[in-house]
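Numbering (full-length UniProt numbering), first residue to last: 1 to 221.
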Amino acid sequence: MGARPSQHHPHRTAARTALAAVAIATLIAGCGGNDPEPGAPTSTSTGPAPTATTAPAPEPSDTASPGDLPSDEAADSAAPWDDPTGAASSADAQLTATALRTGAQVGYDRVVLEFTGQGTPGWTAHRSNTAVEDPTGELAPIEGEGYLLIVASGLLTPPDGGLPAGSTAPGISVVTGASFTGVFEGESQLWIGLTAPDAPYRVFTLTNPTRLVIDVQRSMA
């Protein structure tokens, strides 16, 4: 008895092929459809992201506060208005005058002589009808109805650079100007012109930097 020839069923083969294709497509979609793109950040936060808060910039002020001004211009002094005559320099004083300036304060004019070096300057003060420089005998280059002469001591001789002889500062109100005559034998003369020869004054020192301060009241100007 001979073998039966095999039978080919085209419909069954097509159905199997279609089912296999659907299974493969489903498998690919399940494996790759939910994966994030490479390099994409993943969020682990469960609440809203914090926001940065920037403080508003302060508005500019037309009036400078005391901390914005040099200390010799901003601060008052407890020194009395008693027309003092002098104070001795410290034993270690080796100073060089570096700056001379004038400024207006409430009720008085201020003259400041600034120094570098060590120690505290000494000084003497007295009134004069004329401003004759020592040792040259020349008149100081300032005008005034009267003058205040301040002699600072404890200075280096010769000075280590610093303020040139003949340096001046402008007038304000009762102070008509100030003139620095240079250093001679460890001392320097500071002439201050006045519109009121008898205007009360006071003299004191400040530190950081070292300064000699002369205030003249405007009440008698």
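Where is the CB? At the ideal position from N, CA and C, for every residue including glycine.
- With a 10 Å radius around its C-beta and 16 neighbouring C-beta atoms as the bar for buried, classify Glu143 as buried or exposed. Here residue 143 refers to the residue found at position 143 when the sequence shown is read from its first residue. Exposed: under 16 other Cβ atoms inside 10 Å.
- Query: Which residues bound the beta strand (DSSP E) around residue 235?
  - Reply: No answer is possible for residue 235: it lies beyond the span of the chain, which begins at 1 and ends at 221.
- Message: At the level of alpha carbons, what is the spacing between Thr195 and Ser188?
- Response: Start at 1 with the first residue of the sequence shown, and residue 195 comes out as number 195. Start at 1 with the first residue of the sequence shown, and residue 188 comes out as number 188. C-alpha of Thr195 to C-alpha of Ser188: approximately 23 Å in a straight line.
- Apart from the five residues just before and just after Pro135, which ones in its own chain have a Cβ nearer than 8 Å to its Cβ? On the sequence shown, residue 135 is found 135 positions in, with the first residue counted as 1. Exclusion of the five residues before and after Pro135 leaves Phe184 as the residues of its chain whose Cβ lies within less than 8 Å of its Cβ.
- Task: Quick one: measure Cβ to Cβ for Asp83 and Pro200, integer angstroms, because I've assumed they're closer than 8 Å.
- Result: On the sequence shown, residue 83 is found 83 positions in, with the first residue counted as 1. On the sequence shown, residue 200 is found 200 positions in, with the first residue counted as 1. At roughly 6 Å, the Cβ-Cβ gap stays under 8 Å, so Asp83 and Pro200 are in contact.
- Item | Inter-residue spacing [alpha-carbon to alpha-carbon] between residue 236 and Val175 | Examination of residue 236 is not possible in this model, given that the chain is present from 1 through 221 alone.
- Secondary structure of Trp191, DSSP reduced to three states: In the sequence shown, residue 191 corresponds to position 191, counting from 1. In this structure, Trp191 counts as strand in the three-state DSSP scheme.
- Message: Give me the DSSP bridge partner(s) of Leu212.
- Response: Position 212 of the sequence shown, counting from 1, holds the residue named residue 212. Paired residue(s): Leu113, Thr205.
- With 16 other Cβ atoms within 10 Å as the buried cut-off, status of Thr130: Here the question's residue 130 lines up with position 130 in the sequence shown. Under this definition Thr130 is an exposed residue.
- Query: Which partner residues does Ser179 have in the DSSP bridge list?
  - Reply: For this step, residue 179 is matched to residue 179 along the sequence shown. Its beta-bridge partners are Thr168, Trp191.
- Could you check where the beta strand (DSSP E) with Leu95 kicks off and where it finishes? Start at 1 with the first residue of the sequence shown, and residue 95 comes out as number 95. DSSP places Leu95 in the uninterrupted beta strand (DSSP E) bounded by 94 to 105.
- Task: Would you mind working out which of Asp215, Ser219, Gly107, Gly186 sits nearest Gln94, comparing C-alpha positions?
- Result: Here residue 94 refers to the residue found at position 94 when the sequence shown is read from its first residue. Ranking Asp215, Ser219, Gly107, Gly186 by Cα distance to Gln94 puts Gly186 first.
- Message: The beta strand (DSSP E) that contains Gly162, what's its start and end?
- Response: On the sequence shown, residue 162 is found 162 positions in, with the first residue counted as 1. Gly162 -> no beta strand (DSSP E), and no H or E assigned at all.
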